[in-house]
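As given, the protein sequences belong to chains X and A, one line each in that order.
Using the numbering used here, read the first sequence as starting at 1 and increasing by one per residue.
Using the numbering used here, read the second sequence as starting at 1 and increasing by one per residue.
We treat Cβ as the ideally placed atom computed from N, Cα and C, and that holds for glycine.
Being a predicted model, the structure only gives us computed values, none of them experimental.
Below you'll find the structure, written out as structure tokens, and then a few comments.
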Amino acid sequence: MDSMAKTGANKGSGRFALVLFLVFLLLLGLAACLILQRLQSPSRAVVGRWRMELDCTDDAVSRAERWLRDAKLGDQVDAAAFFPPLHVDVILTLRRDGSWERSLDEASLDAARQAAVDGMAASARQLLRLRVAATGRGGGPDEYAEQLMQDALGMSSAAYFASYGPELLPSQEELRERWAGSGSWTIAEGQIDLGGGPVDFLAGDRLLVLSGPEGTEVYARDDAA
Amino acid sequence: MHVTTRRKIRQAAALLLVLLLLPLSFPAEAAQPEKTAAHSLLENLPFSVDGGEALTVKTLHYSYGNNRYVSLRDVAYALSGTVKSFSLTFQDGSVYITTGAPYTPAGGEGQGFPAQTQAGGPYVFTTAGILANPIFYNDRVLRYPNFLAVNPSGVTDCYLSVTDLALIMDLDLHVSADGMLLDTAGHFSIDLDALEREGFYCEVHSALVGDADTGEIYAAWEPDLSVPIASTTKLMTVLCLLDAAAAGEMTLEDTVTIPAEAAVLSRSADGVIPMTAGQSASVADLLRGMLLPSSNECALALAVHLDGSEAAFVERMNRKAREIGLSDSAVFFNCHGLPIFTDTLAATKVQNRMTARDMFLLCSHLLHAWPEVTNITSLKIAHLETLNADVGNSNPLLYNVPGVVGLKTGTTNMSGLCLVAAMEAEGADGRTHTLLAMEFGAEDSPARVTFSEELLYYGLQRLRGEAPADAAPEPEPADEPEPAGIPDNAEDLMQLVLRRLRESE
């Protein structure tokens, strides 16, 4: 009896091991398929929401310097020292159904505009300090220059430049015309076409690079989506 | 199958499963976008000579934007055929410049950095970095920081600071982000007021330039600020020693027995010339060792020889400071200028201190009382027989500026890089004067050299009566009818604010 029980138990355990092994093989195959699919499907790689930073810093600094140089001693102000990096984000969404949409991140545009205004105001205050010093009065600190501007203008230097200062960034209309849009996308022969003609692309898990006649666009996966 | 065996199989299978599925849960690492520098490292600039057609010169921004180093080959090419022409050759890591000689192009001059090499890759040149590669300038050997760079075609070039280039070659050179302009009929000049407006003195804690013979101070920045003076201390040390010798307390022909504390100092991290206790050395060698390579152990040996202990010598130094009229800010704790800790429970790290004005007074007094001290401070090298040492002078201006006769460098972490320079030059009155230019607190060696030279050249301009007139205060704008509305350009905005300022005063 005991030996028969043992034999029965052995057969049962053997079946269990076999089932376990089969499940293991099944899962192994599934994993392999998943890996292969992720590696071999460019379409799947590009689908998603992507974000690109447009660097507007140099352009804004150039515009600021042009404005400053209209004034005496304006060429002695290093405007770049007063501007932080200015980035406007572009959001590109590529959907599985073959549609795409691109838009400006309005919040980043507003932030860049404000930072540009602040940088312009700081540059102008520096120019004012130089001009005051040239009259023999002593330049004074930045706060003094701000006070002088408020007394003369009836508003803060930042408010003045926000309303009356030079355009430091491309207008919203210009940016939308260049970057906003929608349409259909396709991938063929290793190139992606968003409706404007096929362009080379490189898609990884975190980066999407589009390279065509108009230049190169680098997008990062937008995890905030 | 045994139970334990089944369990082990299940465990193994589970582990294998986890290992297989684990990679799927982690996204593939994407290449990070390459960080770009905050400013361009390489820059092509238009370069116009005498208003002619502009060539494109290669410039480097070293570490900071606007800290421009320019290709000497491009400059030599641009100046070919002019009164400022010079030949340029390279050999064994040295640069050879001969003014007035024709330049032989190597190819590529005046075209800037190409976007790509012929192979299609990015422009690359090899360099060992910024070094004091010797520059043989006519009959002088200059010490300016520079890059030697080999371009992809194997051609060697030298990149020199645009300021140093203008100083060396006496160039009327103007540089900005828009380009370089050179007037070969002009000369290098310093508009100190303009430089000050641009932040010239931001590089140092204090500075001063003046005439040691007349006592006139031409320019000063924070002249009454008490600053650590590091090894420029040794100018007071030598004054005390020379005065003592004149008073018969010692002679310059004495033989000094090296005390133990000097030997110990010589073997420390601050040691310069190795010594052993009981060794004999001449006063003359110790003075040269103290003033040329700034040997702290030589200063200590001399101090102990004269007064028996450093503490007693330091008392002499502080008395001397009062005697010659230095301010109460002039305080000495030792004879060499190193930082030391006070001998108290709450030990404090202290350093000798004085003001730039005090140093001007000290050096003026020293040069008046002992003009022969420059026979030592002007030496570039010396052999110290009794110390078995060959030493060089740490003062870079001796090599770079004709007429410089001393005096002393100094460096500690707190003091920064300091330099007190003396230069003999003929003034507008036809007599020889000694200019003193000093700075305390420069951040690095290039800053010390360039700042000191610019200050010295300004002093020279004033001595010769060549300085640009002091910038006149901006003339008050004529009363104009107040423009209606808000100003819409920079000049109108400035005029409005300045008008309001005048009205409020």
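Query                                                                                                                             : Result
Three-state secondary structure (DSSP) of A:E454                                                                                  : helix
The stretch 337 to 350 of chain A in contact with the stretch 394 to 414 of chain A per 3-pair CB rule at 8 Å                     : yes
Cβ-based burial, A:I381 [other Cβ within 10 Å; buried from 16]                                                                    : exposed
Contact check, A:F125 vs A:A149, beta carbons under 7 Å                                                                           : yes
Below-7 Å beta-carbon distance, A:A490 vs any chain X residue                                                                     : yes
Span separating the alpha-carbon of A:A38 from that of X:W50                                                                      : Because A:A38 carries a pLDDT of 32, less than 50, the predicted location of this residue cannot be relied on, and the following value inherits that uncertainty. Distance between the alpha carbons of A:A38 and X:W50 is about 25 Å.
Integer Cβ distance of A:V75 from A:V57, believed to fall under 8 Å                                                               : 7 Å
Closer than 9 Å at the beta carbon, the chain A residues around X:D151                                                            : V497, R500, L501 and S504
Residues of the stretch 66 to 78 of chain X with Cβ closer than 9 Å to any Cβ of chain A, in chain order                          : W67, L68, R69, D70, A71, K72, L73, G74, D75, Q76 and D78
Unbroken alpha helix (DSSP H) run spanning X:Q150, endpoints                                                                      : D142 to L153
Cβ pair A:C240, A:A299 closer than 7 Å                                                                                            : no
Where A:M180 falls: helix, strand or coil (DSSP)                                                                                  : strand
Pair within 7 Å by beta-carbon distance, X:P166 and X:W67                                                                         : yes
Beta-carbon contacts of A:P274 that lie in its chain and below 6 Å, excluding the five residues immediately before and after      : S266
Local conformation of X:R221 per DSSP, three classes                                                                              : strand
Minimum Cβ-Cβ distance from X:V19 to chain A less than 7 Å                                                                        : no
Best match in A:L326, A:A389 and A:N146 for proximity to A:L362 [C-alpha to C-alpha]                                              : A:L326
Buried or exposed by the 16-neighbour rule on C-beta atoms within 10 Å, applied to X:G154                                         : exposed
A:Y137, enclosing beta strand (DSSP E) - first and last residue                                                                   : I135 to Y137
Where A:Y64 falls: helix, strand or coil (DSSP)                                                                                   : coil
A:F188 vs A:D213 beta-carbon contact at 7 Å                                                                                       : no
Extent of the continuous alpha helix (DSSP H) run through A:F125                                                                  : Per DSSP, A:F125 belongs to no alpha helix (DSSP H) and is neither H nor E.
A:A220 beta carbon less than 7 Å from that of A:L192                                                                              : no
Alpha helix (DSSP H) segments (min. 4 residues) lying fully within the stretch 189 to 219 of chain A                              : 192 to 197
Every unbroken alpha helix (DSSP H) within the stretch 282 to 334 of chain A, with a cutoff of 4 residues, ordered by chain       : 283 to 291, 296 to 307 and 310 to 323
Contacts around A:P446, its chain only, beta-carbon distance under 6 Å, and the 5 residues preceding and following it disregarded : P145
Cross-chain neighbours of X:L94 in chain A, by beta carbon under 8 Å                                                              : In chain order: nothing, as chain A lies at least about 16 Å away.
Whether X:S163 touches X:A121 by CB criterion (7 Å)                                                                               : no
Contact check, A:G403 vs A:E424, beta carbons under 7 Å                                                                           : yes
Environment of A:N489 [buried if 16+ CB atoms lie within 10 Å]                                                                    : exposed
A:T255: CB within 6 Å of a non-hydrogen atom of the ligand SAH                                                                    : Absence of the ligand SAH is noted for the structure shown, with no ligands found whatsoever.
N-terminal and C-terminal residue of the beta strand (DSSP E) that X:W100 is part of                                              : S99 to L104
Limits of the unbroken beta strand (DSSP E) element including A:M438                                                              : T432 to A442
Where X:V209 falls: helix, strand or coil (DSSP)                                                                                  : strand
Distance CB(A:E443)-CB(A:F451) smaller than 7 Å                                                                                   : no
Residue from A:M494, A:P228 and A:L367 with nearest C-alpha to A:I324                                                             : A:L367
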